[in-house]
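Numbering (full-length UniProt numbering), first residue to last: 1 to 288. Each residue gets a CB set at the ideal place from its N, CA and C atoms; glycine is no exception. A quick write-up on the structure given underneath.
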Amino acid sequence: MLNKVATRIQSRLSRKGLKVVLGEIKDQCIKTFQNIENPTKVEINAVTDYFMNNATKLTVITEDIEAVTTNEAATELETLTNNNSDELEPETTPETSICVDDENGNISPTLTGEPETLGTVDSANEVNTLTTGNNSHPVTADQDTENLPQSQHQVDRTGWYQPAPLANTTKSELVTSTAQGLGVVLNEAEIELIATNVNCSSDDLQETLEEIKGAIIAFIKHRIANNSKKIDDTLNEIVEVATDGFNQNSQQLTDGLRNINQQLQQQSKDFKSKVKSRLKCFQLPEAS
1 MLNKVATRIQ SRLSRKGLKV VLGEIKDQCI KTFQNIENPT KVEINAVTDY FMNNATKLTV
61 ITEDIEAVTT NEAATELETL TNNNSDELEP ETTPETSICV DDENGNISPT LTGEPETLGT
121 VDSANEVNTL TTGNNSHPVT ADQDTENLPQ SQHQVDRTGW YQPAPLANTT KSELVTSTAQ
181 GLGVVLNEAE IELIATNVNC SSDDLQETLE EIKGAIIAFI KHRIANNSKK IDDTLNEIVE
241 VATDGFNQNS QQLTDGLRNI NQQLQQQSKD FKSKVKSRLK CFQLPEAS
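Right, dumping it as structure tokens:
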């Protein structure tokens, strides 16, 4: 049980950008858990928060990496700007139309339309307007990051976008459907418990279903183990009661038989004494 909980905590920390050795997680679990075989959710969260709060070195390294990356990007941009200080000459692509000579009936091409202007890179790290005909679409270098849907993603410590975890309602529905597919009957409390303990941070439905399936199987194994322990305890209690009862019956029978034997022996003694007393009446007196 400790290995499973420690592995789960390690996976949770890994998804948050923190790499921790499994042995350190086990040691912290032993210090935190009151019952290693049945830790509570609060205790598991406490171990996770412990490593996250002590991850100062990781945060500093991340900031350094981001600073170096920014400096390298700025250097490359400056080089590109110097190399392209002279703006590119606009290239024109003529549009061709067909004219028919009314007199001779000859067909001749005619150049019409406005030129297409290619974009140029300026020193402000912006891409100029791309013009084609009468349509213009301004594009900036930071537009791809600014337009990301923040409601569907979250940024971790390394700056990478991570998918937001599923809501409990969605996880409960997935747990219910997965359990029905496995032929397992769960009540509402069990479904809510499994959904709460499943940490689905992936936006891949197949991976999410596999995590939920593993959680359901682990819960079933736990329930089977509890039922097996209850059965063993019940059988031991029955055997103990039966043994005590049988021993009591055996002792009762032994005492009863012993009492009967004593009574028979006493009756035999009394009978012999009476016979002797009766025979004395028939004895002849001794000769004088």
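Counting the other CB atoms within 10 Å of its CB gives C29 a total of 16 or more, which places it among the buried residues. F246: member of the alpha helix (DSSP H) spanning L205 to L279, first to last residue.
Around the C-beta of V5, 16 or more other C-beta atoms lie within 10 Å, and the residue is accordingly described as buried. When the alpha-carbon of E210 is set against those of E192, A179 and D270, the nearest one is in A179. A Cβ-Cβ distance of about 17 Å is found for the pair N197 and A225, leaving them out of contact under the 8 Å criterion.
Spatial neighbours of D244 in its own chain (CB-CB distance under 6 Å, excluding positions within 5 residues in sequence) are not present. For N54, the closest of P39, T40 and I25 by C-alpha to C-alpha distance is I25. Taking C-beta atoms under 8 Å as the contact rule, E37 and M1 qualify, at a distance of about 5 Å. Cβ neighbours of I9 within its own chain (closer than 7 Å, five residues either side excluded): I25, I44, V47 and T48. One thing to note: K213 has its Cβ no nearer than 8 Å to the Cβ of A195.
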